[in-house]
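One structure is given here, and the rest of the page talks about it.
2 protein chains.
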Amino acid sequence: MGTTKSNNFTAAQNRKAELYKALGHPARIAIIEFLIRKNSCVCGDIVDQLPLSQSTISQHLKELKQVGIIKGEIEGVKMCYCIDDKIWSELKEMNNSLIDSYAINDKCC
Amino acid sequence: MGTTKSNNFTAAQNRKAELYKALGHPARIAIIEFLIRKNSCVCGDIVDQLPLSQSTISQHLKELKQVGIIKGEIEGVKMCYCIDDKIWSELKEMNNSLIDSYAINDKCC
DNA sequence: TTTATCTATCGCAATATTACGATTAAATAA
DNA sequence: TTATTTAATCGTAATATTGCGATAGATAAA
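Dropping the structure here:
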């Protein structure tokens, strides 16, 4: 136990959950908002922006990288991170297909 | 440790993370998709739709209820669940302010 | 070369999540 | 009243997540 039973759900459901889960932490939201604000590669100074230790931030960056939301490139001694356009499009579509598929109807309880 | 340091982030960042986190499990995605497909109150038969035990599903419903995404009402011996229009609107706006705020630019790595 | 800088990873501890069976509680049906 | 049905909650076990300090590795600067 303690493990999500992914096998019992569709690939689409698992992918949605995976992406939303990656967004499900304030530090990762903060990282993404910072990258969006900069609107380009951000080299090095993410650690200065967050109230967490370097190792913890590195871990959060890794999680975002693993699901594809951001990508990183070595620039000399620094790492440059940015939003991955392709996955961001996937996220946008996924999100729209979920959110917009519900028509607000006021029919309920 | 093991606890998210919510105090160090803005209320908006924490709320976003909280909502995305609630969506970050395939069972909860499946529940929401089912409610949307029905497009009305769903009384009783959620347990038949998912490959998880009754108690586990009850827990997932509780989490969705806690962040406000769904609401439930007692109908006799059954529980009726549906999407909460108000929070769904909040979710929509939140997405706009995050997902749509990034203009794909191809400027990066 | 040596030193400084930056980031990933390791190891650990604390807490959270996932899942299930058993039980409880509440409403309906017999 | 006594079943029966339905869903929440309790207790427990296994695994995952969060966070940090310490360390390692790689590049640049002196």
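Same order as they appear, the protein sequences are chains A and B. Number 78 in numbering that gives the first Met the number 0 belongs to position 79 of the first sequence; there are no gaps in the numbering. Number 55 in numbering that gives the first Met the number 0 belongs to position 56 of the second sequence; there are no gaps in the numbering. Every residue gets a Cβ at the ideal spot worked out from N, C-alpha and C, and that includes glycine. Values in this document were obtained by computation on a predicted structure and should not be read as measured data.
Look up residue i in the DSSP assignment and say whether it is helix, strand or coil.
{"i": "methionine 93/B", "result": "helix"}
{"i": "lysine 70/B", "result": "strand"}
{"i": "serine 100/B", "result": "helix"}
If I measure Cβ to Cβ from residue i and keep anything under 6 Å in the same chain, skipping five residues before and after, which residues do I get?
{"i": "serine 5/A", "result": "Asn13"}
{"i": "glutamate 74/B", "result": "Cys42"}
{"i": "phenylalanine 33/B", "result": "Gln48"}
Counting only the same chain and skipping the five closest in sequence on each side, list residues whose C-beta sits under 8 Å from that of residue i.
{"i": "leucine 90/A", "result": "Leu18 and Ile68"}
{"i": "leucine 63/B", "result": "Ala21, Arg27, Ile30, Ile31 and Ile69"}
{"i": "lysine 15/B", "result": "Met93 and Leu97"}
{"i": "lysine 77/A", "result": "Cys42 and Gly43"}
{"i": "threonine 55/B", "result": "Ala26"}
Let me check understanding here. Comparing Cα to Cα, which of the options lies closest to residue i?
{"i": "alanine 11/A", "options": "Thr9/B, Arg27/B and Thr2/B", "result": "Arg27/B"}
{"i": "isoleucine 45/B", "options": "Phe8/B, Gln65/B and Gly71/B", "result": "Gly71/B"}
{"i": "aspartate 84/B", "options": "Ser39/B, Lys15/B and Phe33/B", "result": "Ser39/B"}
{"i": "cysteine 114/B", "options": "Gly75/B, Gln53/B and Leu60/B", "result": "There is simply no residue 114/B to check, as chain B begins at 0 and stops at 108 in what is shown."}
{"i": "histidine 24/A", "options": "Thr2/B, Leu51/B, Ile73/B and Lys37/B", "result": "Thr2/B"}
{"i": "serine 100/B", "options": "Lys37/A, Thr9/A and Asp105/A", "result": "Lys37/A"}
{"i": "asparagine 104/B", "options": "Asp47/A, Thr55/A and Ile35/A", "result": "Ile35/A"}
{"i": "threonine 9/A", "options": "Met0/B, Asn7/B, Leu49/B and Ser88/B", "result": "Leu49/B"}
{"i": "alanine 102/B", "options": "Ser57/A, Asn7/A, Trp87/A and Asp47/A", "result": "Trp87/A"}
{"i": "methionine 0/B", "options": "Ser57/A, Leu51/A and Asn95/A", "result": "Leu51/A"}
Near residue i, what residues of its chain come up, given a Cβ to Cβ distance below 7 Å and the 5 sequence neighbours on each side ignored?
{"i": "leucine 22/B", "result": "Ile28"}
{"i": "valine 66/A", "result": "Glu17, Leu18 and Ala21"}
{"i": "cysteine 79/A", "result": "Cys40, Val41, Cys42, Gly71 and Glu72"}
Does the Cβ of residue i lie closer than 7 Å to at least one heavy atom of the ligand ATP?
{"i": "isoleucine 35/A", "result": "Among the ligands in the structure shown, none appear at all, so the ligand ATP cannot be discussed."}
Beta strand (DSSP E) runs contained entirely in the stretch 40-87 of chain B, provided each spans 3 or more residues: Counting only runs that start and end inside the stretch 40-87 of chain B, the beta strand (DSSP E) elements of at least 3 residues fall at 69-74 and 77-82.
Uninterrupted alpha helix (DSSP H) stretches inside the stretch 4-43 of chain B (no shorter than 4 residues): Complete alpha helix (DSSP H) runs here, min 4: 10-22 and 25-37.
Residues of the stretch 24-51 of chain B whose Cβ lies closer than 9 Å to any Cβ of chain A, in chain order: His24, Pro25, Ala26, Arg27, Ile28, Ala29, Ile31, Glu32, Leu34, Ile35, Arg36, Asn38, Ser39, Cys40, Leu49, Pro50 and Leu51
The stretch 62-76 of chain A: positions lying closer than 8 Å to chain B by Cβ: Lys70, Gly71 and Glu72
Interface residues of the stretch 86-98 of chain A facing chain B [CB-CB below 8 Å]: Trp87, Ser88, Leu90, Lys91, Asn94, Leu97 and Ile98
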